[in-house]
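Colleague: One structure follows; several queries about it will come next.
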Amino acid sequence: MKAYTILEGDDSDYKKMTEFEAMKYLEEWRQEDNKVCEFCGSRNVEVLNISVNGYSLYSYDRLISNCDKAIMNENIDENMFMINLQKSGSEIKLDIGGINSVHRDFLKLCLFTIKDIVMTRGSSDFRTHRAGNFFICLSGGFDFDKRKQVAKVEKYSTCGLSREEVLSQVNTFALKHNISIA
Numbered sequence: 018m019k020a021y022t023i024l025e026g027d028d029s030d031y032k033k034m035t036e037f038e039a040m041k042y043l044e045e046w047r048q049e050d051n052k053v054c055e056f057c058g059s060r061n062v063e064v065l066n067i068s069v070n071g072y073s074l075y076s077y078d079r080l081i082s083n084c085d086k087a088i089m090n091e092n093i094d095e096n097m098f099m100i101n102l103q104k105s106g107s108e109i110k111l112d113i114g115g116i117n118s119v120h121r122d123f124l125k126l127c128l129f130t131i132k133d134i135v136m137t138r139g140s141s142d143f144r145t146h147r148a149g150n151f152f153i154c155l156s157g158g159f160d161f162d163k164r165k166q167v168a169k170v171e172k173y174s175t176c177g178l179s180r181e182e183v184l185s186q187v188n189t190f191a192l193k194h195n196i197s198i199a
């Protein structure tokens, strides 16, 4: 495991980021510095489990707590939605997580956000293998100031699934909920 020391900015700025946001910064910095995997020499290195001074940027328990607080306060709308794909051979298992009752507009926004990320991430994220995993967690809800649904990606990881395999599974789930993301 490699630790990075960031000397610029206040750590409170970084603690406000989602793990996905920080991951993209670290990937950019690694690329700019021509960093490679210290074991195999590959430039394709996944950045996961990011902490800032011991504060984990992704915490399932913290997200659930935020959703629980929202349920108790009608002026706050906080949701969480997760997709986990497990691939073994030609079988792909889809698991959905998050909170039990996600607003349809939030679900639709999440599915479009997932599609956009899958379409825009580099091809190195989608090298197919016999076994693989795709995981994404989004949080958000209705922003009363902006008067619209908002979603942010909290965590993202993938290995071993092609872009087409991920999109096929997400699209099948969407169609079961009468949402077209094609």
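Just so we're aligned, residue 18 is where the sequence shown starts under this note's numbering, counting upward by one. Virtual Cβ for every residue (Gly too), placed ideally from N, Cα, C.
Among the residues of its own chain, which have a CB less than 7 angstroms from the CB of His194, if the five just before and after it don't count?
Modeller: Leu124
Colleague: Quick check on this structure: which residue in Asn66, Gln166, Arg79, Val69 has the alpha carbon closest to the alpha carbon of Thr130?
Modeller: Gln166
Colleague: If you scan the segment 102 to 154 from start to end, which runs of the alpha helix (DSSP H) of 4 or more residues do you find wholly inside it?
Modeller: Within the segment 102 to 154, the complete alpha helix (DSSP H) runs of at least 4 residues are 121 to 137.
Colleague: Note down the Cα distance separating Asp78 from Leu184, rounded to an integer number of angstroms.
Modeller: 28 angstroms
Colleague: Classify Phe159 as helix, strand or coil using the three-state DSSP reduction.
Modeller: In the structure shown, Phe159 sits in a strand (DSSP, three-state: E or B).
Colleague: On the three-state DSSP scale, how would you describe Lys32?
Modeller: helix
Colleague: Beta-carbon within less than 6 angstroms of Phe83's beta-carbon, same chain only, minus the 5 sequence neighbours each way: which residues are those?
Modeller: The question names Phe, yet the displayed sequence has Asn at residue 83. The answer, listed in chain order, is Glu95.
Colleague: By the DSSP assignment, the alpha helix (DSSP H) with Glu182 in it spans what residues?
Modeller: 180 to 193
Colleague: Skipping 5 residues on each side, what residues in its chain have a beta carbon closer than 7 angstroms to that of Ala148?
Modeller: Lys104, Ser105, Gly177
Colleague: Leaving out five residues on either side along the sequence, give the residues of the same chain with a beta carbon under 8 angstroms from the beta carbon of Phe190.
Modeller: Ile100, Leu111, Ile113, Leu128
Colleague: Which residue marks the beginning of the beta strand (DSSP E) containing Lys169, and which one marks its end?
Modeller: 165 to 176
Colleague: In whole angstroms, what is the alpha-carbon distance linking Gly71 and Gly158?
Modeller: So the alpha carbons of these two residues sit roughly 28 angstroms apart.
Colleague: Could you pull out every residue in the same chain whose Cβ sits closer than 6 angstroms to the Cβ of Tyr31, ignoring the five residues on either side in sequence?
Modeller: Counting only Cβ-Cβ distances below 6 angstroms, and skipping sequence neighbours, we find Val69.
Colleague: Taking only beta-carbon positions, decide if Phe190 is within less than 7 angstroms of chain D.
Modeller: Going by chain labels, chain D is absent from the structure shown, which holds only one protein chain.
Colleague: For Cys154 and Glu36, I'd like the C-alpha separation in whole angstroms.
Modeller: 10 angstroms
Colleague: Would you call Thr175 buried or exposed, if buried means 16 or more other Cβ atoms sit within 10 Å of its Cβ?
Modeller: buried
Colleague: How close, in whole Å, do the beta carbons of Val170 and Ile196 come, if the pair is a contact with beta carbons under 8 angstroms?
Modeller: Rounded to the nearest angstrom, the Cβ distance from Val170 to Ile196 is 18 angstroms, too far for a contact under 8 angstroms.
Colleague: For Leu74 and Leu80, what's the separation of their Cα atoms in angstroms?
Modeller: If you take the alpha carbons of Leu74 and Leu80, they lie about 11 angstroms apart.
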